[in-house]
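Undergrad:
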Amino acid sequence: MKIKSICFGFLLLGLVACGGQPGSASNEEDQQKATEVTIFQAKDSQNKWILHADEVDFEDMTRAVLTNPHLLLREGGKDSAEISGKRGIMDYGNKIVSIEGNARVHSLTQQVLLTTERFFYDIDKDHIWSDKKTIVTRGDTKITAKGGIETDSKLRKIEFKKQSTKLPASAKELQGVGR
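This is the structure:
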């Protein structure tokens, strides 16, 4: 069965999802798949976040399975951070998006890159965290949080769990750090 496009609303979350290109549904009646899907939440006529996935399996009424998800977080009408990976799950009831498989968070405002196996984003709390070894990179400096990290979506303050730090090889690498 072919689906030209899929649009639905979740009153609980205030979300809208639309797939603009042809998709397909599996032979099982309870599985619905769509391609090129975008889900977003708006507040005061501005998107708070936009989630795009190459394919989404709306496997039941509690969650959706995402292929190549890309979550764009916005602040004040501008892009602030993006989270991407190979797979993801959007849990409607808990309002949590998990993204895994070479997962990356890139802060566009703070110029920080976080990499790990899996990140979580809590929609209501605007909170990002990981529960596995996470590498935080800014410029040439790398910090490893062995137990993961916790931060807000703006990545202004990052809490490290079981931290280890790679010290610069020379004092020259530290020039300009305190400015």
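Quick note: the sequence shown uses the numbering used here, first residue 12, plus one each step.
Built from N, CA and C at the ideal position, the CB exists for glycine as well.
These numbers were taken from a predicted model, which means no experiment stands behind them.
1. At which residues does the beta strand (DSSP E) containing Tyr132 begin and terminate?
2. At what residues does the beta strand (DSSP E) containing Gly99 begin and finish?
3. Quickly, what does DSSP pair Leu83 with across the bridge? List them, please.
4. Determine whether the beta carbon atoms of Phe69 and Gln43 lie at a separation below 8 Å.
5. Less than 8 Å between the beta carbons of Glu93 and Leu82, yes or no?
6. Ends of the beta strand (DSSP E) at Leu178?
7. By the DSSP assignment, the beta strand (DSSP E) with Asn113 in it spans what residues?
8. Return helix, strand or coil for Asp153, following the three-state DSSP convention.
9. Taking three-plus beta-carbon pairs below 8 Å as touching, is the segment 139 to 150 in contact with the segment 112 to 125?
10. Taking the CB atoms as reference points, tell me whether Ala64 and Thr73 lie closer together than 8 Å.
11. Is the separation between the beta-carbon of Phe171 and that of Ile154 shorter than 8 Å?
12. On the DSSP bridge list, what partners appear for Ser141?
TA: Short version:
1. Indexing the sequence shown from 1 puts residue 132 at position 121. Looking at the DSSP string, the run of the beta strand (DSSP E) that includes Tyr132 is Val123 to Asp133.
2. Within the sequence shown, numbered from 1, the residue matching residue 99 stands at position 88. From DSSP, the beta strand (DSSP E) with Gly99 extends over Arg98 to Asp102.
3. On the sequence shown, position 72 is the one that residue 83 refers to. Note: Leu83 sits in a beta bridge opposite Ile61 and Glu93.
4. Here residue 69 is taken as the residue at index 58 of the sequence shown, counted from 1. Here residue 43 is taken as the residue at index 32 of the sequence shown, counted from 1. Yes, the pair counts as a contact, with Cβ atoms nearer than the cut-off.
5. In the sequence shown, counting from the first residue as 1, residue 93 sits at position 82. In the sequence shown, counting from the first residue as 1, residue 82 sits at position 71. Against a cut-off of 8 Å, the Cβ pair of Leu82 and Glu93 comes out as a contact.
6. Position 167 of the sequence shown holds residue 178. Element bounds for Leu178: n/a, residue is neither H nor E.
7. By 1-based counting over the sequence shown, the position of residue 113 is 102. Its beta strand (DSSP E) spans residues Ile107 to Ser118.
8. In the sequence shown, the residue the question calls residue 153 occupies position 142. The question names Asp, but residue 153 in the sequence shown is Lys. Strand, per DSSP.
9. yes
10. One-based indexing of the sequence shown puts residue 64 at position 53. One-based indexing of the sequence shown puts residue 73 at position 62. Not closer than 8 Å, so no.
11. Here residue 171 corresponds to residue number 160 of the sequence shown, with the count starting at 1. Here residue 154 corresponds to residue number 143 of the sequence shown, with the count starting at 1. In contact: Phe171 and Ile154 (Cβ atoms closer than 8 Å).
12. Residue numbering aside, residue 141 sits at position 130 when the sequence shown is read from its first letter. BP columns for Ser141 point to Phe130.
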